[in-house]
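Numbering (my numbering), first residue to last: 401 to 523.
C-beta atoms are modelled at their ideal positions from N, C-alpha and C, and glycine is treated no differently.
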């Protein structure tokens, strides 16, 4: 796997609504899985799976305290990256909201089942 493939894999860690909700939930303070579940109105199993993904990509870290596992952003650089996402999005939000090419770009070429919304598209 070359550097660009690793970079794509890392960026995909941020490319999911639930994972972004989790990151926003722990952006300023570490939290337990249950605190995250409560804050984002998720379910424990799903949140745990996404936390495992984020941890596997080096985006979050965890620490055990008694029977509780606490999750936090890996470091200040990840927090800065989330803030940069917000700043850039603030500049292009209207364009992103009205973009009709995103599905095609994210799904690839050919006749396939698009994973972004589970419908079949043809190009």
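A straight line joining the alpha-carbon of residue 493 with that of residue 401 spans about 33 Å. Residue 469 is bridged by DSSP to 464. CA-CA distance, residue 413 to residue 499, rounds to 22 Å.
Taking a 10 Å sphere around the C-beta of residue 496, we find fewer than 16 other C-beta atoms and assign the residue as exposed. For residue 437, the closest C-alpha among the options 446, 409, 429 is that of 446.
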